[in-house]
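Down below is the structure, laid out as structure tokens.
2 protein chains.
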Amino acid sequence: MRDVAVIGIGMTKWGELWEKSLRDIFVETALVALDDAGVDHIDAMYVGCMSGGLFVGQEHLSSLLADYLGVAPIPAVRVESACASGGLAFRQGFIDVASGMSEIVLVAGVEKMTDVGVDEATYVLSTAADQEYESYHGITFPGLYAMIARAHIHAYGTTREQLAHVAVKNHQHGAMNPLAQYRQKITVEDVLNSTLVADPLRVLDCSPITDGAAAVILCPVNLAKKISKHPIARVIGSGHATDTIAFHSRSDLTSLEGTMRAAGAAYKMAGIGPGQIHLAEVHDCFTIAEICVIEALGFVERGHGGKAAKSGMTALGGKIPVNTSGGLKSKGHPVGATGVAQVYEIVKQLRGDAGERQVTNARVGLTQNMGGTGGSTVVHILEVQP
Amino acid sequence: MRDVAVIGIGMTKWGELWEKSLRDIFVETALVALDDAGVDHIDAMYVGCMSGGLFVGQEHLSSLLADYLGVAPIPAVRVESACASGGLAFRQGFIDVASGMSEIVLVAGVEKMTDVGVDEATYVLSTAADQEYESYHGITFPGLYAMIARAHIHAYGTTREQLAHVAVKNHQHGAMNPLAQYRQKITVEDVLNSTLVADPLRVLDCSPITDGAAAVILCPVNLAKKISKHPIARVIGSGHATDTIAFHSRSDLTSLEGTMRAAGAAYKMAGIGPGQIHLAEVHDCFTIAEICVIEALGFVERGHGGKAAKSGMTALGGKIPVNTSGGLKSKGHPVGATGVAQVYEIVKQLRGDAGERQVTNARVGLTQNMGGTGGSTVVHILEVQP
Numbered sequence: 014m015r016d017v018a019v020i021g022i023g024m025t026k027w028g029e030l031w032e033k034s035l036r037d038i039f040v041e042t043a044l045v046a047l048d049d050a051g052v053d054h055i056d057a058m059y060v061g062c063m064s065g066g067l068f069v070g071q072e073h074l075s076s077l078l079a080d081y082l083g084v085a086p087i088p089a090v091r092v093e094s095a096c097a098s099g100g101l102a103f104r105q106g107f108i109d110v111a112s113g114m115s116e117i118v119l120v121a122g123v124e125k126m127t128d129v130g131v132d133e134a135t136y137v138l139s140t141a142a143d144q145e146y147e148s149y150h151g152i153t154f155p156g157l158y159a160m161i162a163r164a165h166i167h168a169y170g171t172t173r174e175q176l177a178h179v180a181v182k183n184h185q186h187g188a189m190n191p192l193a194q195y196r197q198k199i200t201v202e203d204v205l206n207s208t209l210v211a212d213p214l215r216v217l218d219c220s221p222i223t224d225g226a227a228a229v230i231l232c233p234v235n236l237a238k239k240i241s242k243h244p245i246a247r248v249i250g251s252g253h254a255t256d257t258i259a260f261h262s263r264s265d266l267t268s269l270e271g272t273m274r275a276a277g278a279a280y281k282m283a284g285i286g287p288g289q290i291h292l293a294e295v296h297d298c299f300t301i302a303e304i305c306v307i308e309a310l311g312f313v314e315r316g317h318g319g320k321a322a323k324s325g326m327t328a329l330g331g332k333i334p335v336n337t338s339g340g341l342k343s344k345g346h347p348v349g350a351t352g353v354a355q356v357y358e359i360v361k362q363l364r365g366d367a368g369e370r371q372v373t374n375a376r377v378g379l380t381q382n383m384g385g386t387g388g389s390t391v392v393h394i395l396e397v398q399p
Numbered sequence: 014m015r016d017v018a019v020i021g022i023g024m025t026k027w028g029e030l031w032e033k034s035l036r037d038i039f040v041e042t043a044l045v046a047l048d049d050a051g052v053d054h055i056d057a058m059y060v061g062c063m064s065g066g067l068f069v070g071q072e073h074l075s076s077l078l079a080d081y082l083g084v085a086p087i088p089a090v091r092v093e094s095a096c097a098s099g100g101l102a103f104r105q106g107f108i109d110v111a112s113g114m115s116e117i118v119l120v121a122g123v124e125k126m127t128d129v130g131v132d133e134a135t136y137v138l139s140t141a142a143d144q145e146y147e148s149y150h151g152i153t154f155p156g157l158y159a160m161i162a163r164a165h166i167h168a169y170g171t172t173r174e175q176l177a178h179v180a181v182k183n184h185q186h187g188a189m190n191p192l193a194q195y196r197q198k199i200t201v202e203d204v205l206n207s208t209l210v211a212d213p214l215r216v217l218d219c220s221p222i223t224d225g226a227a228a229v230i231l232c233p234v235n236l237a238k239k240i241s242k243h244p245i246a247r248v249i250g251s252g253h254a255t256d257t258i259a260f261h262s263r264s265d266l267t268s269l270e271g272t273m274r275a276a277g278a279a280y281k282m283a284g285i286g287p288g289q290i291h292l293a294e295v296h297d298c299f300t301i302a303e304i305c306v307i308e309a310l311g312f313v314e315r316g317h318g319g320k321a322a323k324s325g326m327t328a329l330g331g332k333i334p335v336n337t338s339g340g341l342k343s344k345g346h347p348v349g350a351t352g353v354a355q356v357y358e359i360v361k362q363l364r365g366d367a368g369e370r371q372v373t374n375a376r377v378g379l380t381q382n383m384g385g386t387g388g389s390t391v392v393h394i395l396e397v398q399p
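Protein chains in written order, with my numbering: chain Z, 14 to 399; chain C, 14 to 399.
In structure tokens form, the structure reads like this:
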């Protein structure tokens, strides 16, 4: 397999983009990535999108978007793995370039979620859970993650305040990201006094519903060295794992087995461990998710995720900054786009281009993107080349 | 890139499978393929499915199906490209093995279409067209293909009877396939007297709505030589192309540019041309589709597709048998499964295991699977190894 680099990144403002359609958002964002890479053609395209069918009545997205970007007839592939669709599209693009099949590949993630009402959006998102054993009976994702939070509080004494600190931190970071959906800073009290959604989770524990896209350009490292005008971010680790979707089959709700396995594979490929990661973008769809994820990635011991959030260890300036982009919580969570936007942030940081949210000496970054409550997880590790 | 072989194939009876759910159909079929390959583990899985979200309220299918097959936590990827989802899943599995990322890969296609009513199914299928410029305004796929048929009749003098001959031939073939949905033989008169759907297409010009799955197992040729108990079918060509989805952007409705490009790429990789193909499985979602496809593949000259069907050239015993499985028309068309079922048929033929529908001296076979009216097309060429 060939070494693969990210040579272009693109993102546009996320939010409730009433005046733009899915194809508009995608094209606008892909053009930013192409411009950033300085390339005038691509050989293949991968698009992560969770549910074009249910959100906007459009399947067959890869061809439609290739056409609107003006790159048809190149091969274009849509990949779906619920909220991990973007991360998985990135992995498939990586495999494509690594295999020798394609030289320059565009990977994008996109979701247009606000064309349906909130109830409908909640239903669409629930199709990431087990339809026959979970969603059909009325469970929604805030409910599923509330059960994880209750289990974590019960097992490890995690506190309501510790959960709130995750949201506070990510809004602090997001306030420095001009592309984030919600840029206001919030306090622990704001979180604790916000509307209860699914006990113990309140609305400020939850990532929002968002329209948005992100895109990156991949090519072999050897080609990147010739054509890239930026510091080269090499993909040194890639891991992907599945897990049971339904809760009734899991032995421990607080343990993200998929994340552990995907991270294990990525660490092994990279030849490094969690101690050598300088920053990470992880899947904080709910505050409790970030707590479980940083434990599963090995950044902290099991049960210590809540304390880490409160201690500042995962904030900008801490031992391992997590979600400097603002994370899903503040930046927004257009589900299919999230995994690609994580790569965008890591590459921006590795290039030293992250402005006021720049992590000092960021040379190795990790992304962790998961579908549902961890039924699928994709982890990547990127390193800036000397 | 490594050479890749198909070492296992599985298919189960297609039809209106009221008593089985999507996951049941998938698992049953995947087990047949695993048993046929004689392997007890796989390293990764690719699933083609057009719209689990709209047909059965289930996204996140790759993880769900990996879990129900008992193969989680392996990487599992769902690929969508409308009715070409199966063919594209096969290509992605091929790239995965060719890259060196995985050794043994399961590729499956599955669709459960009869859990919704016919009107709803027609809507779901229409999400493969351009939502903003076509489907929203009421066009359905019979209408789109009727326009192609009218254009072909106008340009080349193709007759209503020639269209009927495609259906008659494919039902003749399907009558010999115990897994086909509709095994009855039909006559030209049956087709001409059947209910008008979208002039000039009648109901017997149209493929049915079907529940079903198909699965194959891929591995490197070197490994296949050691472990396979069957003649080895090597993937010698793979091509994938996109095209504009909306008709208003095409210069000629009768010309399947995507098929020409995907076939061109597959022929180039294989180092052969259409004259060296012994049999083909092509995307006859409507009778006119098979006519346009065999022209685009170069089996006949432009405009001669209708005559070919009538002459017997594409029937079993003819110069190049097309759709010996019964094709989408008789075998059925569970949209995400179709592309994988095409590979199933070709491998069965290359092994000499096709029973009464066996093509004599079949050594090189081609599959052509397309999404919508050709917005995406995937072509593969397989050759049995001496």
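C-beta: ideal position from N, C-alpha, C; glycine also. Given the structure is predicted, the values throughout are model-derived calculations rather than measurements.
Between which residues of its own chain and residue i is the CB-CB distance below 7 Å, once the five residues before and five after are set aside?
{"i": "Val306/Z", "result": "Leu269, Thr272, Val295, His296, Gln381"}
{"i": "Thr172/C", "result": "Gly319"}
{"i": "Gly151/Z", "result": "none"}
{"i": "Ala79/Z", "result": "Met58, Ala85, Ile87, Ala89"}
{"i": "Ala162/C", "result": "Leu176, Pro213, Leu214, Ile301"}
Find out if the Cβ-Cβ distance for the pair residue i, residue j is shorter than 9 Å.
{"i": "Ala188/C", "j": "Val204/C", "result": "no"}
{"i": "Pro213/Z", "j": "Leu176/Z", "result": "yes"}
{"i": "Ala18/C", "j": "Gln398/C", "result": "yes"}
{"i": "Arg102/C", "j": "Asp16/C", "result": "This sequence places Ala at residue 102/C; Arg is not what is there. Taking 9 Å as the Cβ cut-off, Ala102/C and Asp16/C do not qualify as a contacting pair."}
{"i": "Gly70/Z", "j": "Gly99/Z", "result": "no"}
{"i": "Ala95/C", "j": "Met63/C", "result": "yes"}
{"i": "Lys342/C", "j": "Ser148/C", "result": "no"}
{"i": "Ile201/Z", "j": "Thr208/Z", "result": "Per the sequence shown, the amino acid found at residue 201/Z is Val instead of Ile. The answer is no: Cβ separation not under 9 Å."}
{"i": "Gly378/C", "j": "His243/C", "result": "no"}
{"i": "Phe107/C", "j": "Asp218/C", "result": "no"}
{"i": "Glu303/C", "j": "Val335/C", "result": "yes"}
{"i": "Ala50/C", "j": "Ser264/C", "result": "no"}
{"i": "Gly368/Z", "j": "Gly28/Z", "result": "no"}
Looking only at its own chain, which residues have a Cβ that is under 6 Å from the Cβ of residue i, when we skip the five neighbours before and after it?
{"i": "Ala283/Z", "result": "Ile249, Gly250, Ile394"}
{"i": "Arg274/Z", "result": "Ala254"}
{"i": "Thr386/Z", "result": "Leu157"}
{"i": "Met326/C", "result": "Lys332"}
{"i": "Gly21/Z", "result": "Ala46, Asp49, Ala50, Ile230"}
{"i": "Ser389/Z", "result": "Ser94, Ala97, Thr255"}
Taking 9 Å as the CB-CB cut-off, is residue i touching chain Z?
{"i": "Gly388/C", "result": "yes"}
{"i": "Pro7/C", "result": "Past the boundaries of the shown model lies residue 7/C; chain C is included only from 14 to 399, so the question cannot be answered."}
{"i": "Asp143/C", "result": "yes"}
{"i": "Arg247/C", "result": "no"}
{"i": "Met160/C", "result": "no"}
{"i": "Ala85/C", "result": "yes"}
Using beta carbons (cut-off 9 Å, strictly below), is residue i in contact with chain C?
{"i": "Asp56/Z", "result": "no"}
{"i": "His73/Z", "result": "yes"}
{"i": "Glu93/Z", "result": "yes"}
{"i": "Glu270/Z", "result": "yes"}
{"i": "Asp16/Z", "result": "no"}
{"i": "Thr351/Z", "result": "no"}
{"i": "Ser76/Z", "result": "yes"}
Excluding the 5 residues preceding and the 5 following residue i in the sequence, name in chain order all residues of the same chain whose CB lies nearer than 8 Å to its CB.
{"i": "Ala211/Z", "result": "Thr153, Pro155, Gly156, Tyr158, Ala159"}
In the DSSP assignment, find the unbroken beta strand (DSSP E) run with residue i in it and report its ends.
{"i": "Tyr146/C", "result": "No beta strand (DSSP E) contains Tyr146/C, which DSSP labels as neither H nor E."}
{"i": "Gly349/Z", "result": "Looking at the DSSP string, Gly349/Z is not in any beta strand (DSSP E); the run it does join, the alpha helix (DSSP H), is 348-364."}
{"i": "Val248/Z", "result": "246-255"}
{"i": "Pro233/C", "result": "225-233"}
{"i": "Thr390/Z", "result": "389-397"}
I'd like the span of the alpha helix (DSSP H) that includes residue i, first residue to last.
{"i": "Thr135/C", "result": "131-139"}
{"i": "Ile38/C", "result": "35-50"}
* To do: Could you say if the segment 88-98 of chain Z and the segment 56-63 of chain Z meet the contact criterion of at least three C-beta pairs nearer than 8 Å?
  => yes
* Pair every Cβ in the segment 32-43 of chain C with every Cβ in the segment 26-46 of chain Z, then say whether three or more of these pairs are closer than 8 Å. => no
* To do: Evaluate the contact criterion for the segment 308-316 of chain C versus the segment 75-87 of chain C: three or more CB pairs, one atom per stretch, below 8 Å.
  => no
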